[in-house]
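> Take 443 as the starting number for the sequence shown in the working numbering and just add one per residue. Got a structure for you, written out below as structure tokens; questions coming shortly.
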Amino acid sequence: MVSNCTQGTCLNGSVSLDHWPCPAPKPVVCANNFAPIKVLDDDGCCSHYECQCICYGWGDPHYVTFDGTYYGLQGNCSYWLVKEISPTYNFSVMIDDDFCGAADGLSCPQSITVFYKSYNIFITQKEINSAFQNQISVNGWHVSPAYQNGDFRITTTGIDTVLVIPKIGAKITFAGLIFSITLPYSTFGNNTWGQCGTCDNNRTDDCMLPSGKIDASCPNMAHEWHTDSNCQQPPPTPTTTPTPDTCNTSICEIIESSVFEACHKVVDYRPFVEACEFDVCHMHINHVGCISLKTYAEVCALAGVCIDWRSSTKGLCVHTCPLPKVYEPCGPPVEPTCDSWYNQKFISTVNEFRAMDTVEMEGCFCPSGTILLSSASDECVPTCEICRVANGKWKEANATWTEGCKACICEEDTLQVTCRNMSCPAPPPVSCEEPGQVKVTHTVGCCQEDKCECDVKQCSGVVPSCPVGYTLHTTVGVCCSNHSCEPIPGVCVFKHRQYQVGDSVPMTSCEKCLCSPRINASSLQNIIECQPLQCDAHCPVGYEYQLSPTQCCGQCVQVGCVVALPNSTHALKPGTIWSPAWNPCVKFECVKIGNHFITVEAKTVCPAYDPAECIPGTETVAPDGCCHTCIHRGQPCSVGSTAVTVESQGCHSKEVVNVTSCAGACGTFTFYSNKMRALQHTCSCCQEVVTSERQIQLSCSDSTEISYSYTHIEACACLDTDCSVVRRGQNSSPVTKSRRRRR
443 MVSNCTQGTC
453 LNGSVSLDHW
463 PCPAPKPVVC
473 ANNFAPIKVL
483 DDDGCCSHYE
493 CQCICYGWGD
503 PHYVTFDGTY
513 YGLQGNCSYW
523 LVKEISPTYN
533 FSVMIDDDFC
543 GAADGLSCPQ
553 SITVFYKSYN
563 IFITQKEINS
573 AFQNQISVNG
583 WHVSPAYQNG
593 DFRITTTGID
603 TVLVIPKIGA
613 KITFAGLIFS
623 ITLPYSTFGN
633 NTWGQCGTCD
643 NNRTDDCMLP
653 SGKIDASCPN
663 MAHEWHTDSN
673 CQQPPPTPTT
683 TPTPDTCNTS
693 ICEIIESSVF
703 EACHKVVDYR
713 PFVEACEFDV
723 CHMHINHVGC
733 ISLKTYAEVC
743 ALAGVCIDWR
753 SSTKGLCVHT
763 CPLPKVYEPC
773 GPPVEPTCDS
783 WYNQKFISTV
793 NEFRAMDTVE
803 MEGCFCPSGT
813 ILLSSASDEC
823 VPTCEICRVA
833 NGKWKEANAT
843 WTEGCKACIC
853 EEDTLQVTCR
863 NMSCPAPPPV
873 SCEEPGQVKV
883 THTVGCCQED
893 KCECDVKQCS
903 GVVPSCPVGY
913 TLHTTVGVCC
923 SNHSCEPIPG
933 VCVFKHRQYQ
943 VGDSVPMTSC
953 EKCLCSPRIN
963 ASSLQNIIEC
973 QPLQCDAHCP
983 VGYEYQLSPT
993 QCCGQCVQVG
1003 CVVALPNSTH
1013 ALKPGTIWSP
1023 AWNPCVKFEC
1033 VKIGNHFITV
1043 EAKTVCPAYD
1053 PAECIPGTET
1063 VAPDGCCHTC
1073 IHRGQPCSVG
1083 STAVTVESQG
1093 CHSKEVVNVT
1103 SCAGACGTFT
1113 FYSNKMRALQ
1123 HTCSCCQEVV
1133 TSERQIQLSC
1143 SDSTEISYSY
1153 THIEACACLD
1163 TDCSVVRRGQ
1173 NSSPVTKSRR
1183 RRR
């Protein structure tokens, strides 16, 4: 070999150079189903095929080892993903899992830590302003991608974070619930263990325990790689096949659809479908299936196939980028910026870092027609022809602005900022005429300006006290509050009292006054309207209307007695007596005592009268038409009594007095005497034969009493008497009268 993989042959004194002969590389079948890659031999001239060691995990979580063994683990600890069996490069990877939902304790990756040489590279995601953002620290110090030192490079697309370590060919990606680790077989073959298994293209030893023994269960093996001895054993793996009617796995069908058809021949999709169905059916959230779709798309990207898959999920797996950036399914690992130094270091320079960071991945990028201003901002600009100013800001060419007292411009030719002192225009005249205003001079920017400002000391602080019917009205002026008393709508005022519309107002006793809805044009208060009081001059019987010298209306004054009967009312003047036509046995007399009118009622009590007991032709009626009398037939002479009220000198008995009388038939007859040759008359009269004197007390109207004596008949008998001719109509029976007072 001469150089550069050439060999020289000396023939006939001359040297001919030919390419170093290389045998055809032998085909290799990779246990993880990834296509083998061609790598150079140690001499750097010939090449051979070797398998890629790719381990990845996602969801709750699902693992695929370096050699392609799929298993699930529900852990709640920190675990070793990769450790060197024989420490050579001081390289290891640790993952931190935590329970993330579901009743059966499903867990999810929270962060990943890469140890290399003396570096501790920590990658996680945190929710900031309702969006998840990658957070990266190196040896405890926060760094922002793109970041590169002499040993490794960290880049991000806004979704995925990528760490490459060229010296050992390691590539680690992390996107929240998804991670992948790619190691070269030539460097790490047969020298890895941990949850990612042994990179030896042999699945039989993928479940190797820290003791070196092979466990039949990879989930059991995975727990043994905990970093903390106090870590508890995870719960048993839930059943992976739920009943058909409990979950909807349509999101998972996209993986085996034509959307991912270009990747089906490169990466086996079946573990991702199984994992997707497991996540959806155990967490009962459809969009959790997006994690399996993204993981499959990422593994496809590692295999060189970029898939636009989110647009086929009907918005279920949409990713929203911070404005103004937009989502792109296949973007560059490092987005170009207006920073030429940045572009030169991370994009243009072809080196070992650039060689490992060529895979297109999904992310958030500036829209077409714009470019990222800098890696430290999310600002997209239409052109890099800009002037940079303080605080990371920028101005387009020919843009003008002010800074302090200077006017600046971004010069188009040089893209440099030129600033000049500003000139101040003549200030306009200011007139401060509003109450409370004063003129004040301020420095605005670089120039002085006169302004009207408020000085509350110049305002009148007097607040008026409003009279009845007015309310305080306050208006806010430019500086001061103006107070005034304004009429209350719908109110009348009289003698410091308010009256609503329709209320009665007591202005005069001889008028009826009301608060009207009419408004006084000058006072703006409602007008009180009055009408003369209508007097009722109608008086009842026995009263007459008399005017009053002190009142607006007269009154009904009693001028006589009032006899109220069931069917009529009759007025009597004092000193008059009246009997109703239908009852002559009752007499009413009006007596005035002082200012009082007293009605005295007198009733005549008639003796018993039965026409059947009368001698026909002897019936008579008293002159006043009250009592009926007659001569009784054959009724013996006897004492009779009549209950009467005794009256004398305006006084009357307190109780009814039984006044006795003699009545009855006696032997009275006429016959013709032959001896006397004439009619002979024999007459006898029913008269008293025994009497006694009795005394009673009469009550007078002045509340005094007088004694009154009367004759009481004890016995009656028929006594002879002279007969005389009695003219018809002159004989009358005795009548006793009684009186009673009515008020």
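Beta carbons are placed, not taken as given, at the ideal position from N, Cα and C, and that holds for glycine.
Check the DSSP bridge columns for H668 and list the partner residues they point to.
By 1-based counting over the sequence shown, the position of residue 668 is 226. Note: H668 sits in a beta bridge opposite Y521.
> Using the beta-carbon count (16 or more within 10 Å), is N672 buried or exposed?
The sequence position of residue 672 within the sequence shown is 230, counting from 1. N672 is exposed by the Cβ-count criterion.
> Can you tell which of G911, Q494, T530 and E794 has the C-alpha that lies nearest to the C-alpha of V708?
Along the sequence shown, read from residue 1 onward, the residue named residue 708 stands at position 266. Looking at the Cα atoms, Q494 is the closest of the given residues.
> Assess contact between the segment 874-884 and the segment 838-856, defined as three or more Cβ pairs (one per stretch) separated by less than 8 Å. Is contact present?
No, the segment 874-884 is not in contact with the segment 838-856.
> Taking only runs that begin and end inside the segment 758-812, name each unbroken alpha helix (DSSP H) of 4 or more residues, in chain order.
The qualifying runs are 782-785 and 794-798.
> According to DSSP, simplified to helix, strand and coil, what is I727?
Residue numbering aside, residue 727 sits at position 285 when the sequence shown is read from its first letter. Coil, per DSSP.
> With a threshold of 16 other CB atoms inside 10 Å of the CB of S1151, please say whether the residue is buried or exposed.
Within the sequence shown, residue 1151 is the residue found at index 709, counting from 1. Exposed: under 16 other Cβ atoms inside 10 Å.
> Measuring CB to CB, does D509 end up less than 8 Å from R645?
Counting from one through the sequence shown, the residue named residue 509 turns up at place 67. Counting from one through the sequence shown, the residue named residue 645 turns up at place 203. Taking 8 Å as the Cβ cut-off, D509 and R645 qualify as a contacting pair.
> For N662, does the three-state DSSP call read helix, strand or coil?
Counted from its first residue, the sequence shown places residue 662 at position 220. Reduced to three states, the DSSP call for N662 is helix.
> Tell me, to the nearest whole angstrom, how far the beta carbon of C763 is from that of C806; I am working on the premise that it is less than 8 Å.
As a position in the sequence shown, residue 763 is number 321, starting the count at 1. As a position in the sequence shown, residue 806 is number 364, starting the count at 1. Yes, they are in contact, since the Cβ atoms of C763 and C806 sit about 4 Å apart, within 8 Å.
> Going straight from the alpha carbon of V1001 to that of C1127, what length do you get?
Stepping through the sequence shown from its first residue, residue 1001 is reached at position 559. Stepping through the sequence shown from its first residue, residue 1127 is reached at position 685. Using only the alpha carbons, I get a separation of about 51 Å.
> Is the CB-CB distance between P465 and K480 below 8 Å?
Looking up residue 465 in the sequence shown gives position 23. Looking up residue 480 in the sequence shown gives position 38. No. Outside cutoff.
> Does the distance from the CB of V943 to the CB of S965 come in under 8 Å?
Along the sequence shown, read from residue 1 onward, the residue named residue 943 stands at position 501. Along the sequence shown, read from residue 1 onward, the residue named residue 965 stands at position 523. Not a contact, by the Cβ cut-off of 8 Å.
> By DSSP, does V715 sit in helix, in strand, or in coil?
By 1-based counting over the sequence shown, the position of residue 715 is 273. V715: helix per DSSP, three-state reduction.
> At the level of alpha carbons, what is the spacing between R1185 and D1052?
Taking the sequence shown and counting its residues from 1, the one referred to as residue 1185 is at position 743. Taking the sequence shown and counting its residues from 1, the one referred to as residue 1052 is at position 610. Here R1185 scores only 44 on pLDDT, less than 50, and its place in the model should not be relied on; the value that follows carries that caveat. Going from the Cα of R1185 to the Cα of D1052 covers about 34 Å.
> Quick one: what's got a C-beta closer than 6 Å to S816's C-beta in the same chain, skipping five residues either side?
Reading the sequence shown from its first residue, position 374 is the one you call residue 816. The answer, listed in chain order, is T779 and D781.
> Of all Cβ atoms in chain B, is any one closer than 8 Å to the Cβ of S923?
The structure shown has no chain B; it contains just one protein chain.
> Among V999, C994 and N633, which one has its Cα closest to the Cα of G984?
On the sequence shown, position 542 is the one that residue 984 refers to. Ranking V999, C994 and N633 by Cα distance to G984 puts V999 first.
> Please return the same chain residues whose Cβ sits closer than 7 Å to the Cβ of H461, not counting the five positions on each side in sequence.
Within the sequence shown, the letter at position 19 stands for residue 461. Excluding residues within five positions, the ones whose Cβ falls inside 7 Å are C447 and T448.
> Where do the ends of the alpha helix (DSSP H) carrying Y627 lie?
Residue mapping note: residue 627 aligns to position 185 of the sequence shown, counting from 1. Segment Y627 to F630, the alpha helix (DSSP H) holding Y627.
> So for S1010, helix, strand or coil by DSSP?
Residue 1010 sits at position 568 when you count from the first residue of the sequence shown. Correct three-state label for S1010: coil.
> Measure the C-alpha to C-alpha separation of R580 and T812 and round it to an integer number of angstroms.
Taking the sequence shown and counting its residues from 1, one reaches residue 580 at position 138. Taking the sequence shown and counting its residues from 1, one reaches residue 812 at position 370. The sequence given here places Val at residue 580; Arg does not occur at that position. Cα to Cα, the separation comes out at about 32 Å.
> Please report the straight-line C-alpha distance between C822 and Q590, rounded to a whole angstrom.
Reading the sequence shown from its first residue, position 380 is the one you call residue 822. Reading the sequence shown from its first residue, position 148 is the one you call residue 590. The alpha-carbon atoms of C822 and Q590 are separated by roughly 23 Å.
> Give the secondary structure of Y1051 by DSSP, where H, G and I count as helix, E and B as strand, and everything else as coil.
The residue labelled residue 1051 in the question sits at position 609 within the sequence shown. Three-state DSSP puts Y1051 in coil, outside helix and strand.
> Can you tell me where the beta strand (DSSP E) with A1044 in it begins and where it stops?
Position 602 of the sequence shown holds residue 1044. Element bounds for A1044: H1038 to K1045.
> Mapping DSSP to helix, strand and coil, what is I527?
One-based indexing of the sequence shown puts residue 527 at position 85. Reduced to three states, the DSSP call for I527 is coil.
> Which residue's Cα is closest to the Cα of V1005: I1040, S520, P877 and C705?
As a first step, residue 1005 is located in the sequence shown; it is residue number 563 there, counting from the start. Among I1040, S520, P877 and C705, the Cα nearest to that of V1005 belongs to I1040.
> Express the C-alpha separation of A617 and H724 in angstroms, rounding to a whole number.
By one-based count along the sequence shown, residue 724 stands at place 282. By one-based count along the sequence shown, residue 617 stands at place 175. When rounded, the distance between both Cα atoms is 22 Å.
> Closest to C894 by CA distance: which of C901, G878 and P906 is it?
For the purposes of this step, residue 894 is identified with residue 452 of the sequence shown, where counting begins at 1. C894 has its Cα closest to that of G878, out of C901, G878 and P906.
> Unbroken beta strand (DSSP E) runs of length 3 or more, entirely within the segment 1099-1163: which are they?
As far as the segment 1099-1163 is concerned, its whole beta strand (DSSP E) runs of at least 3 residues are 1099-1105, 1111-1115, 1120-1141 and 1147-1163.
> Looking only at its chain, what residues have a beta carbon closer than 6 Å to the beta carbon of H504, apart from the 5 residues adjacent to it on each side?
As a first step, residue 504 is located in the sequence shown; it is residue number 62 there, counting from the start. So the qualifying residues of the chain are G514 and A717.
> Measure the C-alpha to C-alpha separation of Q1137 and V1081 and round it to an integer number of angstroms.
The residue labelled residue 1137 in the question sits at position 695 within the sequence shown. The residue labelled residue 1081 in the question sits at position 639 within the sequence shown. Spanning the two alpha carbons is a distance of roughly 20 Å.
> Can you pull the DSSP bridge partners for N591?
Residue numbering aside, residue 591 sits at position 149 when the sequence shown is read from its first letter. None, per the DSSP bridge assignment.
> Would you call I697 buried or exposed, if buried means 16 or more other Cβ atoms sit within 10 Å of its Cβ?
To locate residue 697, count along the sequence shown from 1; it is residue 255. Classification of I697: buried, given that the 10 Å Cβ count is 16 or more.
> On the three-pair Cβ rule with 8 Å, is the segment 1007-1014 touching the segment 1061-1075?
No: fewer than three Cβ pairs fall under 8 Å.
> Please state whether DSSP places A544 in a helix, a strand or coil.
If you number the sequence shown from 1, residue 544 lands on position 102. Only weak support exists for where A544 lies, its pLDDT of 46 falling under 50; the coordinates are left without a value.
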